[in-house]
Structure formats: C-alpha cells, structure tokens
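Protein chains in written order, with the numbering used here: chain A, 5 to 248; chain B, 5 to 248.
Data first, discussion second: the structure below is written as structure tokens.
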DNA sequence: TCAATTTCTTGACACATCGTCAAAAACATC
DNA sequence: GATGTTTTTGACGATGTGTCAAGAAATTGA
C-alpha cells in the first residue's frame with residue numbers, strides 16, 4: 005500500500021513551506037536575510053525541526069537552486085522541441101531564458117548568491133550533483149541545437165572552434181548581461197533603458213558573425229519570436245507586466 | 005610642513021596590511037573566511053583597532069573592491085591609449101581584461117562576492133561612490149573607442165542601436181565568461197580546455213556581426229594582440245605562467 | 001621638561017546566529 | 001492502552017560582530 009499517513013504528508017507539505025518562505029527571505033536580504041530562527045518562528049515550529057529537513061542553511065539554499073534550475077531546464081526543453089530551423093529554435097531558447105529571468109527575478113537572485121559565497125563546502129554531494137545535472141542538461145539542450153545547425157549546413161564553424169565553444173559564447177553573454185542588470189544600475193546610467201532588446205541584438209550579431217543562416221538581416225526574427233511566444237510560452241508571457 | 009609623524013605612518017601602513025591580509029582571507033574562504041577576530045590577532049592588534057580603520061566588515065570588502073577596480077581601470081587606460089585603429093584598440097582592451105583576470109584571479113573573486121551578497125546596505129555612501137566611479141570610468145573608456153569607430157566610419161550601427169548597447173554586449177560577454185570560468189568546472193566538462201581563446205573568438209564574431217572593419221577574417225588579430233602585449237603589457241605578460 | 005589635551009588602543013560586554021542533543025511529546029502498531 | 005518508534009522541542013555551547021568606557025600612548029604648549 006502506498007497511502008501516505010497524515011503525519012508524513014504534513015512533513016512533505018512543511019518542506020515546501022520551508023522552501024517557499026526561505027526564498028522570500030533570501031530575496032529580501034540575501035544570504036544573511038535567511039535566518040533559521042525567524043524561519044522557524046514564522047513557520048510555527050522550532051529550529052530543531054528545520055534541521056530535520058535540511059542538514060544546514062546552505063542545503064536550503066542549494067535546494068532553492070535546484071528548484072530554480074529545474075524550472076529553467078523545463079522551459080529550455082519546451083523551447084528546444086519547437087519545430088523550426090535551428091536558428092529559430094535557438095531564438096526560442098533565447099525567449100525561454102529571457103522570460104525566465106524576467107518572470108522569476110528572485111530565482112535568478114539565488115543563483116547569484118550561490119555562485120559567489122563559499123557555500124559548496126558544507127553541502128552534500130547528492131544535492132551538488134543535482135545542481136550540476138541541471139546545469140549540464142541546459143547546456144546539452146543548446147549544444148544539440150548548435151549541432152543540428154552544423155549538421156544541416158546552416159553554419160560552418162572554423163577549424164579549431166567546437167559547437168561547445170559557441171554555446172559557451174551564448175551562455176556567457178546571457179549570464180553576464182542578466183548579472184549586470186540584476187546587480188547594478190550601470191545599464192540605465194549607460195542610457196540603455198530597454199536592456200533586453202539590446203541583449204537580443206548582441207546575440208544575433210554574434211550568430212551573424214559566425215555566418216549562421218539565415219542572418220538576422222535576412223529574416224524577421226522579431227516576428228519569429230512573437231510567434232514562439234504565442235506557440236510555446238503564451239501562459240508565461242501573459243504574466244509579464246512590462247510587455248516585451 | 006607635510007612630514008608625517010611616525011605614529012601616523014604606522015597607521016597608514018597598518019591599513020595596507022589589513023587589506024592585504026583581508027584579501028587573502030576572502031580569497032581562501034569567501035565572505036565568511038574574513039573573520040575580524042583572526043584578522044586582528046594575526047596583525048597583532050585588537051579587534052577594536054580594526055574598527056578604527058573601517059566601520060564594518062563590509063567596508064573592508066568594498067575597500068578591496070576599490071583597489072581591484074582601480075587596478076583594472078589603469079590597465080584599461082593604458083590599453084585605450086594604444087595608437088591604432090579602433091578595432092585594434094578594442095582588442096587591446098580585451099588583452100587588458102584577460103590579463104587582469106588571469107593575473108589576479110583573487111581580485112576577481114572579490115567582485116563576485118560583492119555582487120551577490122547584500123553588502124551594500126551597511127557601507128558608506130563615499131566608498132560606494134568610489135566603486136561606481138571606477139565602474140563608469142571603465143565603461144567610458146570602452147565607449148570612447150566605440151564612438152571613435154563609428155566616427156571613423158569603420159562600423160555603422162543600425163537605427164535604434166547605440167554605442168552603449170555594443171559596450172553592454174562586450175561587457176556582458178566578458179563578465180559572463182569570466183564568471184562561468186571562475187565558479188564552475190562546466191567549461192572543462194564542455195570540452196573547452198582553453199576557454200580564453202574561445203572568448204576572444206566569440207567577441208570577434210560579435211564585432212564581425214556588427215560589420216566592424218576590419219573583420220576578423222580580414223586581419224590577423226592574433227598577431228596584433230601579440231604586438232599589443234609586447235608594446236603595452238610586457239611586464240604583466242611575463243608574470244603569466246600559462247602562456248596564452 | 002612636564003602637565004594638559006588629544007588621539008589611539010584595548011578587551012570585556014551585549015547581542016545575534018548556527019548547529020547539537022537529550023529529554024519530552026506525538027505517533028504508530030499490536 | 002501498552003509499547004516501541006519517530007518527531008519535536010528548546011536550552012546549550014560555540015562562534016562572530018559591533019560598542020564603549022577606561023586606560024595607554026602620542027602630541028601640544030608653556
């Protein structure tokens with residue numbers, strides 16, 4: 005029999021509530037905003053109970069990260085299975101990445117925190133493997149599209165440049181751009197009031213530079229992206245306040 | 005008279021020693037690796053004395069950041085004054101950025117930490133202004149070169165794309181790439197064993213995509229960069245273990 | 001030179017937070 | 001409802017930050 009006793013169910017539910025509340029606290033105050041004492045109090049349990057769920061504070065943060073990365077991987081997967089030529093599928097990935105970061109800025113914030121602080125030492129090998137798995141899946145999805153583009157002759161990489169190298173470029177650009185936007189108002193001070201279109205342009209230029217067909221000058225990618233949104237991410241897009 | 009009493013000199017010297025030691029501690033253990041107690045003990049003073057120099061722990065970290073960013077700005081400045089066509093001067097900036105991150109990985113680490121944690125609330129307005137000033141100076145140097153390129157007709161930006169937007173692209177790419185390299189071994193797992201050449205390629209492709217002349221296919225940028233190193237950064241390059 | 005004044009240093013104190021653990025409470029099973 | 005198991009609790013020890021009054025050291029002025 006696989007019925008769940010009410011007590012077990014309560015524990016499972018509580019774990020969700022812990023993560024939900026923890027995310028809010030991290031969002032509002034970073035690593036130090038997450039205090040296990042207030043977390044426990046607010047949940048109506050004692051601190052010891054929290055430690056029944058997670059070995060340490062860092063494990064909670066990593067659990068948040070796993071949730072976050074899983075969410076993005078799912079969006080990437082949906083984008084990648086879009087039935088179109090590789091460069092448009094890549095644009096679909098771009099839509100997914102942008103929608104993700106705009107819909108869930110708090111999720112992105114968690115990634116920022118984990119990256120810089122020395123969190124990893126205290127965490128369990130299992131959860132670290134989960135994180136790494138998600139990361140490699142995301143990269144793998146994109147790499148697959150690049151390989152398709154090469155296989156179909158839409159792009160020819162020069163000697164000594166691998167598909168992965170191009171993926172690294174896409175990853176760097178988005179990672180860097182989102183990070184700059186999230187952690188500094190320098191972008192606005194630069195006079196860039198709509199950074200997301202700027203990011204799209206820069207990525208298109210890089211792909212153009214690799215000669216990936218069709219070039220952004222030959223095709224209306226803006227229209228293509230609108231269609232992607234309609235076809236794949238209508239629900240997510242509807243939740244966006246600032247339209248596009 | 006502007007002679008400095010021995011006591012004042014001692015205090016000035018101590019401030020340097022504080023920062024030097026603090027950087028080591030941050031490097032080895034992140035934000036939490038910097039303990040004011042061990043810092044004071046190791047320096048042979050009491051904790052109270054540290055607080056005479058810096059209002060709080062966060063101020064120390066920001067002071068490290070100012071040192072770091074000033075160092076990079078100086079290298080940028082040297083690169084920007086290289087007497088060449090704009091695209092080569094941009095390559096010189098690239099050399100500076102890469103040399104910086106490879107020569108001082110610990111400096112870069114500090115930037116990572118500051119970015120994610122909620123450090124800023126506790127710090128003084130003055131030091132925050134110092135940081136922001138350095139940042140805008142770096143950006144301004146690059147923007148100047150881009151404007152030169154446009155003015156000299158080497159590149160024509162499409163309607164609705166500003167010079168700053170391109171600068172944002174360059175910044176994003178390098179920021180993201182260095183961050184990925186520093187915080188994850190995913191790059192190696194992607195099969196990219198020499199990430200720095202890959203970054204250079206991706207940046208060149210983006211500039212090619214903007215049609216910035218001369219294109220990377222028309223000119224031997226590798227040779228140009230070697231010359232830049234010789235002419236501008238010979239001393240720094242000599243200190244690099246892994247050649248290039 | 002020495003006393004007055006200013007500046008600097010110290011370390012104990014108050015406070016906050018993390019993680020542990022033995023005892024108590026709640027739960028499950030027969 | 002008696003017994004064994006699981007879960008919860010909250011006091012405790014350890015560590016770390018920031019403050020401050022008192023003492024030490026340096027500077028100033030006559």
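Even glycine gets a Cβ: it sits at the ideal position worked out from N, Cα and C.
Predicted model, so just to flag it, every value in this text is computed and none were measured.
Item to check | is_contact[residue 172 of chain B, chain A] using C-beta, thresh 8 Å | outcome: Locating residue 172 of chain B in the second chain gives position 168, where the first residue counts as 1. Yes - at least one Cβ of chain A is within 8 Å of the one on residue 172 of chain B.
Checklist entry - How many angstroms separate the CA atom of residue 11 of chain B from the CA atom of residue 103 of chain B? => result In the second chain, the residue the question calls residue 11 of chain B occupies position 7. In the second chain, the residue the question calls residue 103 of chain B occupies position 99. Straight-line Cα distance between these residues: approximately 38 Å.
Checklist entry - Just by C-beta distance, which residues in the stretch 96 to 120 of chain A are closer than 7 Å to chain B? => result 116, 117, 119 and 120
Next on the checklist: Please tell me whether residue 5 of chain B has its Cβ less than 8 Å away from any Cβ of chain A.
Outcome noted: Taking the first residue of the second chain as position 1, residue 5 of chain B is located at position 1. The pLDDT assigned to residue 5 of chain B is 42, lower than 50, so where the model puts this residue is not dependable; a value taken from the coordinates is nonetheless given after this. For residue 5 of chain B, the answer is no, since every Cβ of chain A falls outside 8 Å of its Cβ.
Checklist entry - Are any of the Cβ atoms in chain A nearer than 8 Å to that of residue 153 of chain B? => result As a working note, residue 153 of chain B is residue 149 in the second chain. False, the Cβ-Cβ gap to chain A never drops below 8 Å.
Next on the checklist: Taking its Cβ as the centre, do 16 or more other Cβ atoms sit within 10 Å of residue 160 of chain A, making it buried, or is it exposed?
Outcome noted: What you label residue 160 of chain A is simply residue 156 of the first chain in a count that begins at 1. Label assigned to residue 160 of chain A: exposed.
Item to check | Rounded Cβ spacing between residue 196 of chain B and residue 168 of chain A (contact assumed at less than 8 Å) | outcome: Here residue 196 of chain B is taken as the residue at index 192 of the second chain, counted from 1. Here residue 168 of chain A is taken as the residue at index 164 of the first chain, counted from 1. With 8 Å as the limit, residue 196 of chain B and residue 168 of chain A qualify as a contact, their Cβ atoms being about 6 Å apart.
Next on the checklist: Within 10 Å of its beta-carbon, does residue 72 of chain B have 16 or more other beta-carbons around it, so buried, or fewer, so exposed?
Outcome noted: Numbered from its first residue, the second chain carries residue 72 of chain B at position 68. Residue 72 of chain B comes out buried.
Checklist entry - How should residue 16 of chain B be labelled, buried or exposed, when 16 other C-beta atoms within 10 angstroms of its C-beta is the threshold for buried? => result Counting from 1 along the second chain, the entry for residue 16 of chain B is found at position 12. Residue 16 of chain B is exposed by the Cβ-count criterion.
Checklist entry - Is there a Cβ from chain A that is less than 8 Å from the Cβ of residue 62 of chain B? => result For this step, residue 62 of chain B is matched to residue 58 along the second chain. Closer than 8 Å: no.
Item to check | Where residue 192 of chain A falls, given that 16 or more other Cβ within 10 Å makes a residue buried | outcome: For the purposes of this step, residue 192 of chain A is taken as the residue at position 188 of the first chain. Flag for residue 192 of chain A reads exposed.
Next on the checklist: Contact criterion: CB-CB distance below 8 Å. Does residue 35 of chain B meet it with respect to chain A?
Outcome noted: Working through the second chain from its first residue, we reach residue 35 of chain B at position 31. Closer than 8 Å to some Cβ of chain A, the Cβ of residue 35 of chain B qualifies, so yes.
Checklist entry - Three or more C-beta pairs closer than 8 Å, one from the stretch 37 to 55 of chain A and one from the stretch 81 to 96 of chain A: is that the case here? => result no
Checklist entry - What residues from chain A crowd round residue 209 of chain B, counting only those whose CB sits closer than 7 Å? => result Translated into positions along the second chain, residue 209 of chain B becomes position 205. By Cβ distance, chain A contributes 210, 213 and 214.
Checklist entry - What in chain B is Cβ-close to residue 184 of chain A, meaning under 7 Å? => result For this step, residue 184 of chain A is matched to residue 180 along the first chain. In chain order: 175, 176 and 179.
Item to check | Burial state of residue 109 of chain B (16 or more Cβ within 10 Å) | outcome: Within the second chain, numbered from 1, the residue matching residue 109 of chain B stands at position 105. With fewer than 16 Cβ atoms within 10 Å of its Cβ, residue 109 of chain B is classed as exposed.
Checklist entry - Is residue 95 of chain A near residue 228 of chain A, with beta carbons less than 8 Å apart? => result Walking along the first chain from the start, residue 95 of chain A turns up at place 91. Walking along the first chain from the start, residue 228 of chain A turns up at place 224. Their beta carbons are under 8 Å apart, which means residue 95 of chain A touches residue 228 of chain A by this criterion.
Checklist entry - Run through DSSP, which three-state label would residue 36 of chain A get? => result Stepping through the first chain from its first residue, residue 36 of chain A is reached at position 32. Correct three-state label for residue 36 of chain A: helix.
Item to check | Minimum length 4: unbroken alpha helix (DSSP H) runs contained in the stretch 166 to 232 of chain B | outcome: 167 to 187, 190 to 193 and 199 to 213
Next on the checklist: Distance cutoff 8 Å, beta carbons only. Does residue 193 of chain B sit that close to anything in chain A?
Outcome noted: Counting from one through the second chain, the residue named residue 193 of chain B turns up at place 189. By this cut-off, residue 193 of chain B is an interface position.
Checklist entry - Among A/111, A/145 and A/99, which residue has its Cα nearest to the Cα of residue 29 of chain A? => result Along the first chain, read from residue 1 onward, the residue named residue 29 of chain A stands at position 25. The residue with the shortest Cα to Cα distance from residue 29 of chain A is A/111.
Checklist entry - Would residue 55 of chain B pass as a contact of residue 105 of chain B if the rule is Cβ separation under 8 Å? => result In the second chain, the residue the question calls residue 55 of chain B occupies position 51. In the second chain, the residue the question calls residue 105 of chain B occupies position 101. Contact: no.
Next on the checklist: For residue 65 of chain B and residue 14 of chain B, I'd like the C-alpha separation in whole angstroms.
Outcome noted: Reading the second chain from its first residue, position 61 is the one you call residue 65 of chain B. Reading the second chain from its first residue, position 10 is the one you call residue 14 of chain B. The alpha-carbon atoms of residue 65 of chain B and residue 14 of chain B are separated by roughly 22 Å.
Item to check | Rounded separation between residue 222 of chain A and residue 140 of chain A - CA only | outcome: Here residue 222 of chain A refers to the residue found at position 218 of the first chain. Here residue 140 of chain A refers to the residue found at position 136 of the first chain. Their Cα atoms are separated by approximately 32 Å.
Item to check | alpha helix (DSSP H) segment containing residue 163 of chain B, residue limits | outcome: To locate residue 163 of chain B, count along the second chain from 1; it is residue 159. Run containing residue 163 of chain B: none; DSSP gives neither H nor E here.
Checklist entry - What's the gap between the Cα of residue 242 of chain B and the Cα of residue 33 of chain A? => result Numbered from 1 along the second chain, position 238 holds the residue referred to as residue 242 of chain B. Numbered from 1 along the first chain, position 29 holds the residue referred to as residue 33 of chain A. Cα-Cα distance, rounded: 43 Å.
Item to check | Distance, residue 69 of chain A Cα to residue 5 of chain A Cα | outcome: Translated into positions along the first chain, residue 5 of chain A becomes position 1. Translated into positions along the first chain, residue 69 of chain A becomes position 65. Confidence is the limiting factor: at residue 5 of chain A the pLDDT is only 43, short of 50, which leaves the residue's position unreliable and the question unanswerable from this model.
Item to check | Rounded C-alpha distance that separates residue 216 of chain A from residue 205 of chain A | outcome: Taking the first chain and counting its residues from 1, the one referred to as residue 216 of chain A is at position 212. Taking the first chain and counting its residues from 1, the one referred to as residue 205 of chain A is at position 201. Approximately 15 Å between the Cα atoms of the pair.
Item to check | Within-8 Å CB hit, residue 139 of chain A to chain B | outcome: For the purposes of this step, residue 139 of chain A is identified with residue 135 of the first chain, where counting begins at 1. Yes, residue 139 of chain A counts as interfacial toward chain B.
Item to check | Simplified DSSP state of residue 60 of chain A, which is helix, strand or coil | outcome: Along the first chain, one-based indexing puts residue 60 of chain A at 56. Residue 60 of chain A falls in the coil class under three-state DSSP.
Next on the checklist: Can you check whether the C-beta of residue 88 of chain A is within less than 8 Å of a C-beta belonging to chain B?
Outcome noted: As a first step, residue 88 of chain A must be located in the first chain, where it is residue number 84. No, residue 88 of chain A lies away from the interface with chain B (no Cβ there is under 8 Å from its Cβ).
Item to check | Segment limits, alpha helix (DSSP H) that includes residue 149 of chain A | outcome: In the first chain, residue 149 of chain A corresponds to position 145, counting from 1. 129 to 155 is the extent of the alpha helix (DSSP H) around residue 149 of chain A.
Checklist entry - Apart from the five residues on each side of it in sequence, which residues of its chain come closer than 7 Å, Cβ to Cβ, to residue 37 of chain B? => result Within the second chain, the letter at position 33 stands for residue 37 of chain B. So the list reads 29 and 30, once near-sequence residues are dropped.
Next on the checklist: Just to confirm the assignment, what range does the alpha helix (DSSP H) spanning residue 111 of chain B have?
Outcome noted: Translated into positions along the second chain, residue 111 of chain B becomes position 107. Start and end: 109 to 120.
Item to check | DSSP state of residue 103 of chain A mapped onto helix, strand, coil | outcome: The sequence position of residue 103 of chain A within the first chain is 99, counting from 1. Residue state, collapsed to three classes: helix.
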